[in-house]
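*Asks:*
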């Protein structure tokens, strides 16, 4: 018996990652084709776990880099050897980018404070951090500082998955280019379900810094992110109530047990599923909520952002043997010759 074709609600449509990623892939291919083969940057990915999602991400990365003419090397190491391996890669001039497939130690505490995984993020050189997750890039992102240098010639890199979501929203017109940069989400309400340090929190901050009102929902609390600040929500607010008034809903819960009720999503909203699990029933959403646009996965966009970050790092720090930090302006610059 033939499968019954899904009948979409009026104006509803599924938006694929391929559609959103296409212009970025074109841009990447044009850039790499203009570089001599020995001048194309190399990314080293460190895999120190057996998490299926991490392994799959590493495999996708390798295949995509090969297609796009970039160099990728996967290094599998034992968790206790990872910090030393990162330091070696930081010092290796043939390596232009470094990424770590998390989780490695999960919530295991670090001698330096915080979790061991947080300490690993801060071990990666800012000149090679394609994920934009070390202390320097977290600081610039949360402070809405968009350039590495005081001359504003070198843009900061941003975390790949949150950046992929931003590119989805730009593609679908949620960002209003009639407003100046930094205000293009003004007037929009967003709910992000998940407040992890890798996806949920940085995404909430990025969207708030672009003018949105962002409700950040986690397992035991909900906060509202506004530009430069976080506030508690009214006591009567629920996940259902904030989702019902949201123009954008981002689902990033790393569990197949979490499912949002599609009836909460308002007509015409954009729903982006970032998790490797489906946090909402897409068929019910598309068949019952008129005008909704549903993006079921962002993996291909995330890898395109990873490639763009690698090319940006190569351009930003080409020929910079050492960097100095200017604390008065929160920027870095090549160290003067001795």
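In our numbering, the protein residues as written are 3 to 340.
All C-beta atoms, glycine included, are put in the ideal place defined by N, C-alpha and C.
(1) Check whether the Cβ atoms of residue 33 and residue 85 lie closer than 7 Å to each other.
(2) Along the chain, where does the beta strand (DSSP E) that runs through residue 193 open and close?
(3) Residues in the same chain with beta-carbon distance under 6 Å from residue 260, minus the five sequence neighbours each way, listed in chain order, please.
(4) Within 10 Å of its beta-carbon, does residue 9 have 16 or more other beta-carbons around it, so buried, or fewer, so exposed?
(5) Are the Cβ atoms of residue 76 and residue 102 separated by less than 7 Å?
(6) I'd like the list of long-range same chain contacts for residue 304, defined as Cβ closer than 6 Å, with 5 residues on each side in sequence excluded.
(7) Going by the CB atoms, is the gap between residue 48 and residue 64 shorter than 7 Å?
(8) Report yes if the C-beta distance between residue 194 and residue 248 is below 7 Å; otherwise report no.
(9) Given this structure, state the Cα-to-Cα distance separating residue 127 from residue 97, to the nearest angstrom.
(10) Under the DSSP definition of a beta bridge, which residues are partnered with residue 16?
(11) Just reading off the alpha helix (DSSP H) that residue 209 is part of, what are its end residues?
(12) If you reduce the DSSP assignment to three classes, tell me which class residue 3 lands in.
(13) Assess, as a yes-or-no matter, whether the stretch 205-217 is touched by the stretch 284-291 under the definition of 3 or more beta carbon pairs within less than 8 Å.
(14) Which word fits residue 130, buried or exposed, when buried means at least 16 other C-beta atoms lie within 10 angstroms of its C-beta?
(15) Please report the Cβ distance between residue 251 and residue 276, rounded to the nearest whole angstrom; I am assuming they are in contact, meaning their Cβ atoms lie under 8 Å.
(16) So, with DSSP's three-state summary, where would you put residue 71?
(17) State the beta-bridge partners of residue 230 as determined by DSSP.
(18) Is residue 198 helix, strand or coil when you go by DSSP?
*Replies:* Inspection of the coordinates gives the following:
(1) no
(2) 191-195
(3) 281
(4) Its Cβ having fewer than 16 others within 10 Å, residue 9 is exposed.
(5) no
(6) Excluding sequence neighbours, residue 304 sits near 162, 163 and 166.
(7) no
(8) no
(9) 11 Å
(10) 296
(11) 202-211
(12) Low local confidence applies: a pLDDT of 39 at residue 3 is under 50, so the model's placement there is unreliable, with the coordinate-based value given in what follows. In the structure shown, residue 3 sits in coil (DSSP, three-state: anything other than H, G, I, E or B).
(13) no
(14) buried
(15) Between residue 276 and residue 251 the Cβ distance is about 11 Å, and since that is not below 8 Å, they are no contact.
(16) Residue state, collapsed to three classes: coil.
(17) None, per the DSSP bridge assignment.
(18) Coil at residue 198, not helix or strand.
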